[in-house]
Every structure is written in C-alpha cells, then in structure tokens.
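Heads up: the structure comes next, in structure tokens.
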Amino acid sequence: DVIKHEVRRYRLDEKNGTVVAGGKEPGDGLNQLNRPTYLFVDRQQNVYVSDHDNNRVMKWKKGAKEGIVVAGGQGRGNSLTQLSYPSGLFVDTLGTLYVADSKNHRVMRWTQGDTKQGTVIVGGNDYGAGANEFNYPTGLSFDRHGNLYAADHNNHRVQRFSIG
Numbered sequence: 001d002v003i004k005h006e007v008r009r010y011r012l013d014e015k016n017g018t019v020v021a022g023g024k025e026p027g028d029g030l031n032q033l034n035r036p037t038y039l040f041v042d043r044q045q046n047v048y049v050s051d052h053d054n055n056r057v058m059k060w061k062k063g064a065k066e067g068i069v070v071a072g073g074q075g076r077g078n079s080l081t082q083l084s085y086p087s088g089l090f091v092d093t094l095g096t097l098y099v100a101d102s103k104n105h106r107v108m109r110w111t112q113g114d115t116k117q118g119t120v121i122v123g124g125n126d127y128g129a130g131a132n133e134f135n136y137p138t139g140l141s142f143d144r145h146g147n148l149y150a151a152d153h154n155n156h157r158v159q160r161f162s163i164g
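Per UniProt numbering, the very first residue in the sequence shown carries number 1; after that it's consecutive.
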C-alpha cells in the first residue's frame, strides 16, 4: 500500500489482513517504508519489498518487527552500492536478489550475504531502446531455463536475457 506505506498479508477469509512490513509513518527506519511498490515472497515466507522512495530493498522475515536492508539504502544514485527507484524483484532458490533499478535503466544482482554492492547484469548504459538497454525497467521474472524476463516500461516491451 503506497499510501499507508505498508505490506499486508491476506488469507482468503480475511478482510483486513495482517501488516507484515512497514505500517508506520513513511520514513527510512528499519521498521518503516516509503512508497513500497513491488514485492517477492520466498519459500521461507520472507517478504522482500522494493522501498521505492528510500532507494533500497528490504527483507522482512516472517513475524519480524523490523526489516533488513539487502540492497541499496545508500541514497539515490548509480554507483554499485546505490539504487534509483527500485521496482521489480526476484529472489532465486540460492537467495540471490535481482532488482529492476528503474531510474538507472538496469537490472542488478545482489548475492546473498553481500549487501555492500551489487552487480549490473543487464543495461546501465543510460536509457535507450537497444538490445542491452532499458527505459525504466519494472517487472522481473525467470523461467525454468534461467532466462531473465524484464518489463521495459517506457519502451513498451518485455526483453529476455540468458543469464549465466
């Protein structure tokens, strides 16, 4: 909920749901979010949230009162330690985090345990419409063959990449 700055889990028979991330006033504390936009839930029920206006990705373990910064959180920018309006997320079975870094026009990979800096795996060459370029990437997903799919919002396309 980008207005209430929270993520809720709903069961099929619930109307109100349970807050699982954020829910306080907007802010940059470990118990706060500022315009959460995308999320990913892994097999352990950890909730990963792209904290859009804080330029970071937060991980909330089941039942936690505070999240953990797992990517970004160093202010808005384009260094390998920074994100600029993160959007789509994907976490693979090894715990590797993939982030659509929208305003930097790139997709980044953050390996589990390394929250210091990520690696650019696609894009990052400013915006464009070429084969290795994005104009505001948003959604991410992988298929069973390991191909990355990225929604390239302002180019009105979905791109597929073979990630090794």
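All C-beta atoms in this analysis are idealised placements derived from N, C-alpha and C, irrespective of residue type, glycine included. Remember, predicted model here, so these are calculated numbers, not experimental data.
Check, Outcome
"Restricting to runs no shorter than 3 residues, where is the beta strand (DSSP E) found entirely within the segment 21-106?", "36-41, 47-51, 56-60, 68-72, 86-91 and 97-101"
"In whole angstroms, what is the alpha-carbon distance linking threonine 18 and arginine 8?", "5 Å"
"Where leucine 131 and valine 20 are concerned, what is the direct C-alpha to C-alpha distance, given to the nearest angstrom?", "Residue identity check: residue 131 is alanine in the sequence provided, not leucine. Approximately 38 Å between the Cα atoms of the pair."
"Exposed or buried, leucine 12, counting other C-beta atoms within 10 Å across all chains shown (16 or more means buried)?", "exposed"
"In the DSSP assignment, what are the bridge partners of asparagine 147?", "Ser162"
"Given aspartate 143, which residues of its chain have a CB within under 8 Å of its CB, disregarding the five upstream and five downstream residues?", "Tyr149"
"Would tyrosine 10 be called buried (16 or more neighbouring beta carbons within 10 Å of its own) or exposed?", "exposed"
"Per DSSP, which residues does threonine 138 bridge with? Please list them.", "Note: threonine 138 sits in no beta bridge, so no partner."
"Could you tell me how far apart the beta carbons of leucine 94 and glutamine 112 are, in whole angstroms, since I believe they sit closer than 8 Å?", "7 Å"
"Measuring CB to CB, does methionine 58 end up less than 8 Å from valine 69?", "yes"
"Report all residues from its chain with a CB closer than 8 Å to the CB of asparagine 147; omit the five preceding and five following residues, and keep chain order.", "Arg160, Phe161, Ser162 and Ile163"
"Below 8 Å CB to CB, which residues in the same chain sit around threonine 96 once its five sequence neighbours on both sides are set aside?", "Arg109, Trp110, Thr111 and Gln112"
"Out of Ala71, Asp114 and Gln45, which has the shortest C-alpha to C-alpha gap to proline 86?", "Ala71"
"Who are aspartate 152's beta bridge partners in DSSP?", "Pro137 and Arg157"
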